[in-house]
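Residue numbers (the working numbering), protein chains in the order written: chain W, 9 to 481; chain Y, 9 to 481; chain G, 9 to 481; chain U, 9 to 481.
Positions of the beta carbon are idealized from the N, C-alpha and C atoms, including for glycine.
All of these numbers come straight from a predicted model, not from anything done at the bench.
There are 4 protein chains.
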Amino acid sequence: YQLWGGCFQEGPSDVLRRINDSLTVDVRLYKQDIQGSHAWARELHLSGYISDADYEAIQEGLKMVQTEITDELSEKGRLSDREEDIHSVVERRLQLYAGEAALRLHTARSRNDQSATNTKLWMLASLPLLLNEIKNFIEVLVKRAETEIDIVVPGYTHLQRAQPIRWSHFLLSYAWMLRDDVTRLEEQKKRLMQCPLGSGALAGCALAIDRVRLAHSLGFTDVTPNSLFAVGSRDHIVEFLNWASICGLHLSKLAEDLIIYGSQEFAMVRFSDQYSTGSSLMPQKRNPDGLELIRGAAGLLLGDAFAFSCVLKGLPSTYNKDLQSDKEILFRSFDKLMDCLKVATGTVSTMKIDSGRALASLESSMFSTDLAHALVRRGVAFRRAHHAVGVVLQRAATLGVDLRNMPHQEYIAICPEFGTKEDIENLFSWETSVEQYTSVGGTSKTAVFQQISQLKDWLEMKETIVYNNNTKS
Amino acid sequence: YQLWGGCFQEGPSDVLRRINDSLTVDVRLYKQDIQGSHAWARELHLSGYISDADYEAIQEGLKMVQTEITDELSEKGRLSDREEDIHSVVERRLQLYAGEAALRLHTARSRNDQSATNTKLWMLASLPLLLNEIKNFIEVLVKRAETEIDIVVPGYTHLQRAQPIRWSHFLLSYAWMLRDDVTRLEEQKKRLMQCPLGSGALAGCALAIDRVRLAHSLGFTDVTPNSLFAVGSRDHIVEFLNWASICGLHLSKLAEDLIIYGSQEFAMVRFSDQYSTGSSLMPQKRNPDGLELIRGAAGLLLGDAFAFSCVLKGLPSTYNKDLQSDKEILFRSFDKLMDCLKVATGTVSTMKIDSGRALASLESSMFSTDLAHALVRRGVAFRRAHHAVGVVLQRAATLGVDLRNMPHQEYIAICPEFGTKEDIENLFSWETSVEQYTSVGGTSKTAVFQQISQLKDWLEMKETIVYNNNTKS
Amino acid sequence: YQLWGGCFQEGPSDVLRRINDSLTVDVRLYKQDIQGSHAWARELHLSGYISDADYEAIQEGLKMVQTEITDELSEKGRLSDREEDIHSVVERRLQLYAGEAALRLHTARSRNDQSATNTKLWMLASLPLLLNEIKNFIEVLVKRAETEIDIVVPGYTHLQRAQPIRWSHFLLSYAWMLRDDVTRLEEQKKRLMQCPLGSGALAGCALAIDRVRLAHSLGFTDVTPNSLFAVGSRDHIVEFLNWASICGLHLSKLAEDLIIYGSQEFAMVRFSDQYSTGSSLMPQKRNPDGLELIRGAAGLLLGDAFAFSCVLKGLPSTYNKDLQSDKEILFRSFDKLMDCLKVATGTVSTMKIDSGRALASLESSMFSTDLAHALVRRGVAFRRAHHAVGVVLQRAATLGVDLRNMPHQEYIAICPEFGTKEDIENLFSWETSVEQYTSVGGTSKTAVFQQISQLKDWLEMKETIVYNNNTKS
Amino acid sequence: YQLWGGCFQEGPSDVLRRINDSLTVDVRLYKQDIQGSHAWARELHLSGYISDADYEAIQEGLKMVQTEITDELSEKGRLSDREEDIHSVVERRLQLYAGEAALRLHTARSRNDQSATNTKLWMLASLPLLLNEIKNFIEVLVKRAETEIDIVVPGYTHLQRAQPIRWSHFLLSYAWMLRDDVTRLEEQKKRLMQCPLGSGALAGCALAIDRVRLAHSLGFTDVTPNSLFAVGSRDHIVEFLNWASICGLHLSKLAEDLIIYGSQEFAMVRFSDQYSTGSSLMPQKRNPDGLELIRGAAGLLLGDAFAFSCVLKGLPSTYNKDLQSDKEILFRSFDKLMDCLKVATGTVSTMKIDSGRALASLESSMFSTDLAHALVRRGVAFRRAHHAVGVVLQRAATLGVDLRNMPHQEYIAICPEFGTKEDIENLFSWETSVEQYTSVGGTSKTAVFQQISQLKDWLEMKETIVYNNNTKS
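Structure follows, in structure tokens:
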């Protein structure tokens with residue numbers, strides 16, 4: 009059953025069919041296709057293009073088709089229809105139930121606007137699942153941050169020990185990245201909410217229908233403003249793929265941090281058995297495969313985003329078959345990201361932090377900035393203080409002593425403003441060090457609790473919003 | 009003059025310096041660097057870490073430095089300082105004017121938060137320029153659409169003639185794409201509006217300053233919520249690059265359409281001399297080089313976006329030197345897109361549309377959908393109507409006649425619902441054809457005017473908004 | 009059945025398993041996995057680590073497993089084993105047939121070297137299929153070029169008519185591109201021919217085996233020179249993906265040319281029904297979907313290549329689980345390219361060229377270069393000749409005449425060296441024009457025949473080479 | 009001075025010029041442009057299209073122009089000519105010296121074939137510089153490997169300690185990667201060696217010249233076989249960019265390894281002051297900025313490769329202005345890679361390995377595979393041995409003892425084949441462990457020396473080859 013071909017004398021070659029057919033991919037949209045067909049039939053009926061009887065036959069028939077396909081998929085995992093796409097499958101099957109009425113369903117509709125609509129409906133129904141996974145993950149991060157607020161760990165820049173920070177501050181840095189990811193994905197909704205149905209093949213709908221009513225009946229808030237744009241645009245897919253690639257980058261950063269922190273050398277975290285794997289040759293191995301797959305997934309998500317943008321580059325207006333790959337890439341990226349979020353959440357919620365080991369990693373040179381700031385507080389210009397501490401470090405290295413054990417007179421000789429022996433000794437506390445950073449976004453306890461409290465408020469607010477205003481399917 | 013090195017015994021090698029130094033790139037941020045330093049000094053002063061005299065010396069000194077650099081750049085096009093980056097240049101030069109006070113400027117500040125702040129300030133000042141170019145372009149499109157509303161041209165799908173459309177409908181499809189680009193770029197602003205200054209190297213600010221006051225003094229509305237996130241995040245750059253790549257895709261589509269429409273075979277448009285170039289070998293050539301460069305630029309913008317995301321992939325937390333390429337890529341993409349928008353606007357505003365040629369390109373097979381819809385209006389199921397018209401086309405081909413000249417009885421033989429000879433003849437009008445598409449987003453005159461009117465309202469609204477709430481620099 | 013886990017107390021979580029398991033992908037390598045295991049068992053046996061009986065049991069068992077899996081796949085299309093990968097499936101199933109002996113198969117082997125070997129074996133067996141498709145395509149191009157050598161068509165630069173060329177010259181330009189693709193892919197073979205087996209997990213083989221003998225027994229010519237490099241390198245995959253993306257670019261260029269040439273405006277070619285599709289709404293449409301999918305595929309192939317490179321970016325030495333995506337991407341790109349090559353070959357071999365229409369597209373301004381060269385032959389400096397022809401074109405435009413009809417005195421007035429009326433008239437022949445380009449690579453008949461002859465020689469030579477020296481599987 | 013414009017009434021707009029002009033980029037090719045012009049003039053002369061006097065004037069004039077431009081560039085760093093490209097600059101300046109003869113230089117030549125030739129000449133002259141840098145780097149690696157062969161370090165998979173390896177084995181793994189990079193780049197030479205000159209704008213050369221003679225005079229071995237392919241192909245650029253991205257990936261892997269090994273936690277290597285940088289805020293910091301920039305450069309190189317491939321995607325045949333970006337990207341990638349290679353070589357040749365610390369990192373669980381192999385040698389099936397060692401590890405953990413200190417009876421209880429106390433104790437030697445891997449590519453001393461010897465032979469062979477057969481410029 010083919011939706012075209014009246015002026016053809018031969019059918020497509022096997023190899024063209026193989027590359028052209030999309031049923032194995034777009035079968036995933038069968039609910040949306042049927043949902044859109046319900047709405048389209050209703051609108052044709054309200055506008056007077058379909059009789060009551062035909063309308064009823066179509067509506068009933070579509071329900072039967074939906075049940076039928078749902079059953080087949082749950083049984084066999086796939087459809088064995090010979091049609092090229094889900095639109096053809098639904099229309100052919102509809103004929104079995106609705107007879108002649110089925111032949112009226114596609115009136116003034118094109119697969120161009122139909123397919124664009126299906127994808128948007130699917131995204132509106134599915135993207136909230138991603139948002140939820142992210143929120144779950146943020147919750148895990150915030151909860152750990154709260155519980156483990158007293159743990160101080162080395163903070164790194166350039167993977168070199170820099171300054172001590174609270175472990176919670178580290179965890180929260182990811183909560184904020186992911187919070188922004190939620191915000192960014194939500195911003196895309198207003199464009200997803202524009203319904204393309206009624207744009208026809210390219211020129212619009214040739215019949216006098218009410219596109220706004222049609223859109224509302226599908227849960228959209230608005231209609232696409234120009235039919236050429238509507239059938240040719242895949243901007244919402246590009247936006248999503250770009251978004252997924254940013255989110256993937258965040259997860260890859262976390263994976264990299266944790267893989268390093270989980271090495272025997274850092275040994276700051278230890279992953280649960282549930283999120284570790286072993287080696288077929290080396291019996292002692294515990295590998296963070298899940299995190300590595302997440303790190304790799306960032307590359308795959310980026311590749312998908314750029315693949316599809318590259319498909320769009322230099323493409324003429326309106327529909328061209330190049331666009332067909334949109335769904336395969338969309339589903340692949342969506343699934344990949346869902347899995348990554350789940351593994352990340354599972355890994356983080358089950359891993360152990362070794363606070364003793366973390367503390368042991370803090371070494372006295374990490375007090376350098378504190379020494380410099382101490383001088384600044386006593387009136388030394390910062391640039392001079394910075395230099396003086398450099399000299400202190402060199403001197404300690406020459407003497408082969410820890411900063412904490414270097415004789416007081418050595419400090420004074422370099423810079424008298426270092427003050428008394430006690431002044432200096434008072435600096436050598438990790439707790440004191442982190443507690444200096446009280447301004448917003450800093451690593452002191454109050455500043456970290458402020459973050460926790462803000463994120464909790466945000467999570468609570470999201471709870472009520474996200475679930476209310478999405479089309480369900 | 010180097011902002012570090014106290015504990016080093018040897019300087020960096022020449023080759024490390026060459027790859028490491030960023031002055032040739034970040035000199036472009038000198039105003040932002042100085043602007044940020046003004047604010048930082050002010051905040052240190054308000055918080056009691058810098059005396060009145062030092063503060064005044066720094067403020068006066070910074071002004072001198074700014075004038076000095078501005079003059080040098082306008083004269084020689086570049087700075088010949090030997091420092092590695094603009095931060096070091098400004099601080100060293102400041103010493104000449106402010107003396108010892110200059111050594112206090114960097115108190116509790118790191119190049120990590122400083123550089124992140126500079127870039128955001130630059131983006132807040134510069135992105136509105138892009139928005140303006142896009143709005144200018146939309147205005148040109150809307151104006152042409154209004155003036156040339158009576159011109160009917162072939163609409164294509166798959167680059168095959170499909171249905172007649174209004175030329176204005178085509179122009180407006182791009183106006184809408186670009187309108188969405190504006191919206192998307194504006195959405196990024198709320199994240200750009202978070203000031204990273206006061207995040208230090210990674211742990212926050214060790215002194216008791218007021219980051220919110222500081223942020224406001226720079227025109228930001230908010231502060232970054234976590235210092236680790238603040239110094240390590242380049243999400244705003246990624247967002248911008250991804251955005252630029254979408255905008256580039258839109259322009260590449262327009263370029264492709266116009267290059268094809270400007271071929272001698274289509275000959276629908278003709279470009280002005282100002283936007284055409286010739287050949288060094290073939291005297292007759294007129295080439296649309298500008299449009300080809302725009303089409304190519306989409307690839308370059310995508311490449312830049314991909315490049316930078318790939319840089320970020322798998323990077324550990326906080327600042328790593330890999331991030332240094334952010335500015336070079338940002339500036340390159342920004343400049344490229346600005347040029348493309350200008351060339352696109354110039355090309356579209358000066359090209360001529362050949363309405364006669366466009367009309368001549370409309371061929372009777374493009375009435376096929378109209379024939380089908382005519383049958384539908386007489387009660388024929390659409391799928392049957394679609395098939396009947398296929399048969400009509402084959403019959404006309406066999407007879408070797410144009411649809412408009414095929415004998416009436418041939419139609420009736422295929423499907424009696426085609427009606428009288430007059431009924432059929434009435435269909436054969438391009439004006440009638442396009443006027444069917446009256447629903448929102450369609451190609452009828454009213455539907456197109458509705459688009460024009462919406463876009464005009466939007467342009468008017470933007471006029472007042474965009475200019476008010478941006479930080480100026 | 010899990011090849012590890014001795015020191016674990018809990019199994020992997022469901023979500024980790026879902027992201028970690030690769031059986032659905034690497035089942036495609038079951039023959040290679042078994043082939044490699046045959047060879048490994050043989051080498052262990054020859055080196056004295058496995059008894060005769062165990063060796064025989066393993067060899068027989070592997071054969072049974074292969075038959076069993078082949079049957080299951082041909083029946084159900086997939087394996088329902090619960091193991092995480094094909095290696096585990098084969099080893100567990102082997103136990104059913106070989107008993108205890110099966111537990112000796114993995115001696116001193118790691119999945120790291122095993123998996124790398126499987127992939128190389130697969131590539132060595134499969135890439136020749138691609139080479140064959142390309143050669144078939146080149147044959148089709150060369151054959152058409154030979155048959156249709158008399159057809160002259162417009163040659164374009166910047167999609168603007170430039171100079172007349174032979175249609176065959178156009179076809180052959182693709183034959184050469186593809187010839188280079190063959191050469192490039194063949195160059196990769198020497199690296200594919202290095203066997204990684206015996207590299208263990210990372211440090212090499214701890215038993216005294218003969219890796220060269222082992223490699224030869226699998227059809228490899230050489231062994232990988234360093235075990236760390238061997239288990240961590242996916243360079244051969246990257247090389248292939250990059251290669252596939254170049255080949256995809258060539259096909260996308262052909263697709264773009266043909267889509268444009270197949271538009272009603274150019275109408276230079278017409279595609280067969282077998283390689284065209286229609287519209288669900290517009291009965292008259294004939295769309296070149298196959299070519300559009302090929303054009304789009306170039307983006308997908310590029311995306312895959314860059315995805316995998318991005319996965320590798322910044323990855324530490326040796327095996328990391330990020331590498332696991334290599335096979336999915338490899339298979340996807342391979343299959344996509346195979347389909348594209350087949351559709352391209354089918355489209356080109358069944359399309360019709362409209363030589364009359366092509367001839368009609370040649371317009372007199374395309375003689376401009378010929379006019380300039382005529383002046384050059386009479387001693388006018390080229391740059392002056394180029395300018396004079398520009399003036400001729402402007403004059404003709406002013407007079408509203410075709411170059412061929414412009415009065416002789418007009419030519420003479422612009423440049424006396426144009427010669428007699430007859431001299432000029434003699435230039436106005438498309439055949440004469442193309443026959444000027446006699447130097448190598450030009451569009452004259454002899455120069456084109458020279459290309460045909462070279463390509464035929466090359467094809468003949470390849471016939472004998474390619475089939476001899478590849479490992480078969 | 010413009011090489012076209014005879015039929016134009018207005019010049020290009022400023023903004024078109026800005027995007028269109030390429031002089032700032034292609035000035036880098038002035039030597040190649042002049043070199044090509046010398047050859048072209050010579051061929052026109054030999055073929056009888058230019059008189060002796062004109063030929064001499066052109067040759068002399070070109071020399072003057074070359075001197076003049078060389079001087080200007082060394083003085084001011086750029087040309088201030090108003091021409092759009094280097095071709096126009098050379099031709100205009102040539103007129104000053106050669107007068108009317110200069111107007112004959114461009115006879116039958118197009119900027120299309122000229123520019124393609126220039127780029128190939130530049131690549132043939134410049135790529136050997138990259139090869140040399142790589143060879144230098146390999147030499148450094150091989151030399152260190154030889155000197156430091158006794159150092160044993162932990163080998164990692166998944167960044168988890170796996171088996172002990174020789175430090176030299178690690179270094180050599182990179183030598184081999186880079187050796188393959190050399191091979192791959194050399195393979196591209198045969199395609200670079202095909203001269204495009206004489207392909208005209210697209211159709212070939214309209215005059216009877218000898219393209220093979222012309223090609224040889226420029227140092228090429230061959231000519232491009234089809235003029236359309238010649239002017240439109242940028243495959244050699246794509247090949248190079250893809251190659252550079254692979255090479256960049258190798259360097260990024262090295263960078264990642266070394267950054268991690270240089271962290272205070274691993275502390276296996278320490279970088280020299282010359283290849284370290286500090287922090288503006290934290291006096292103690294020593295950052296591996298060079299390595300981080302190398303790691304980041306891999307993303308930039310990949311981005312450039314992707315960008316240019318994306319430019320080519322879907323582009324019609326022959327020359328389109330989109331191709332203009334080829335040179336900017338080529339130069340950028342070339343320069344970036346050169347710098348990275350130099351920094352990598354410098355970093356590796358000056359860093360220190362801490363063999364004591366490395367040794368201390370080896371922990372007894374890394375003997376696990378050795379324990380398993382010991383059982384295998386005593387007849388235990390590998391899979392059982394693997395499991396037994398897993399139990400050993402768990403037992404040791406329960407007892408809280410190091411494997412080396414676990415009581416003998418514990419081993420025997422788990423698996424009697426562990427043998428005597430002495431048997432087990434003999435296993436606990438890192439030297440013994442690495443010396444097991446004697447097969448090719450393994451980490452035993454002989455196997456590593458074999459690698460060193462092979463690489464030395466290869467380096468010696470390369471010495472004589474690379475310098476002989478390249479065109480110099």
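Next on the checklist: Please tell me whether Y:K321 and W:G387 are closer than 7 Å, where the distance is taken between their beta carbons.
Outcome noted: Numbered from 1 along the second sequence, position 313 holds the residue referred to as residue 321 of chain Y. Numbered from 1 along the first sequence, position 379 holds the residue referred to as residue 387 of chain W. Cβ distance not < 7 Å, so Y:K321 and W:G387 don't count as in contact.
Checklist entry - Ordered along the chain, which non-local residues of its own chain (more than five positions away) have a Cβ less than 7 Å from that of U:A352? => result As a first step, residue 352 of chain U is located in the fourth sequence; it is residue number 344 there, counting from the start. So the list reads F145, L259, L262 and I302, once near-sequence residues are dropped.
Checklist entry - With respect to the beta strand (DSSP E) encompassing Y:V448, which residues constitute its N-terminal and C-terminal limits? => result For the purposes of this step, residue 448 of chain Y is taken as residue 440 along the second sequence, with counting starting at 1. Unbroken run through Y:V448: none, as it is neither H nor E.
Checklist entry - Helix or strand or just coil, what does DSSP make of G:P172? => result Within the third sequence, the letter at position 164 stands for residue 172 of chain G. Strand, per DSSP.
Item to check | Nearest-angstrom Cα separation, counted from G:G85 out to Y:Y269 | outcome: Residue 269 of chain Y sits at position 261 when you count from the first residue of the second sequence. Residue 85 of chain G sits at position 77 when you count from the first residue of the third sequence. Answer to the nearest angstrom: the Cα atoms are 48 Å apart.
Next on the checklist: Do Y:P172 and Y:S437 count as a contact pair if the criterion is CB distance below 7 Å?
Outcome noted: Working through the second sequence from its first residue, we reach residue 437 of chain Y at position 429. Working through the second sequence from its first residue, we reach residue 172 of chain Y at position 164. The answer is no: Cβ separation not under 7 Å.
Next on the checklist: Below 9 Å on C-beta distance, what does G:M257 contact in chain U?
Outcome noted: Here residue 257 of chain G refers to the residue found at position 249 of the third sequence. Before going further, note that residue 257 of chain G is Leu rather than Met in the sequence given. Result: D243, V246, S317, L320, K321, G322 and L323.
Checklist entry - Since Y:A214 contacts W:H381 with CB under 8 Å, what's their CB separation in whole angstroms? => result Here the question's residue 214 of chain Y lines up with position 206 in the second sequence. Here the question's residue 381 of chain W lines up with position 373 in the first sequence. About 5 Å separates the two Cβ atoms, so the contact holds.
Checklist entry - Where does the unbroken alpha helix (DSSP H) through U:Y419 begin, and where does it stop? => result The residue labelled residue 419 of chain U in the question sits at position 411 within the fourth sequence. Counting along the chain, the alpha helix (DSSP H) containing U:Y419 begins and ends at H416 to I422.
Checklist entry - Which chain Y residues are close to W:F237, counting only those with a beta carbon under 7 Å from its beta carbon? => result What you label residue 237 of chain W is simply residue 229 of the first sequence in a count that begins at 1. For a Cβ distance threshold of 7 Å, residue set S181, W184 and M185 of chain Y lies close to W:F237, ordered along the chain.
Item to check | Delimiting residues of the beta strand (DSSP E) encompassing Y:P233 | outcome: Translated into the one-based positions of the second sequence, residue 233 of chain Y becomes position 225. From DSSP, Y:P233 is part of no beta strand (DSSP E); its letter is neither H nor E.
Checklist entry - Got a sec: is the Cβ-Cβ distance from G:N126 to anything in chain W below 7 Å? => result Here residue 126 of chain G refers to the residue found at position 118 when the third sequence is read from its first residue. It does not; no Cβ of chain W falls within 7 Å.
Item to check | W:A106 at chain Y interface by Cβ criterion, 7 Å | outcome: Here residue 106 of chain W corresponds to residue number 98 of the first sequence, with the count starting at 1. It does not; no Cβ of chain Y falls within 7 Å.
Checklist entry - Per DSSP, W:Q1 forms a beta bridge with which residues? => result Outside the modelled stretch of chain W, which goes from 9 to 481, sits residue 1 of chain W, for which no answer is possible.
Checklist entry - What three-state label does DSSP hand W:G307 in the structure shown? => result Indexing the first sequence from 1 puts residue 307 of chain W at position 299. Note: W:G307 maps to helix in three-state DSSP.
Item to check | U:N295 in three-state terms, based on DSSP | outcome: Residue mapping note: residue 295 of chain U aligns to position 287 of the fourth sequence, counting from 1. Strand, per DSSP.
Next on the checklist: Looking at chain G, is there any beta carbon in it that lies within less than 7 Å of the beta carbon of U:F390?
Outcome noted: Numbered from 1 along the fourth sequence, position 382 holds the residue referred to as residue 390 of chain U. U:F390 counts as touching chain G.
Checklist entry - Whole alpha helix (DSSP H) runs in the segment 36-84 of chain G with 4 or more residues, listed along the chain? => result 38-54 and 60-84
Checklist entry - Does U:G449 have its Cβ less than 7 Å from a Cβ in chain G? => result Against the fourth sequence, residue 449 of chain U aligns to sequence position 441. Judged by the 7 Å Cβ criterion, U:G449 is in contact with chain G.
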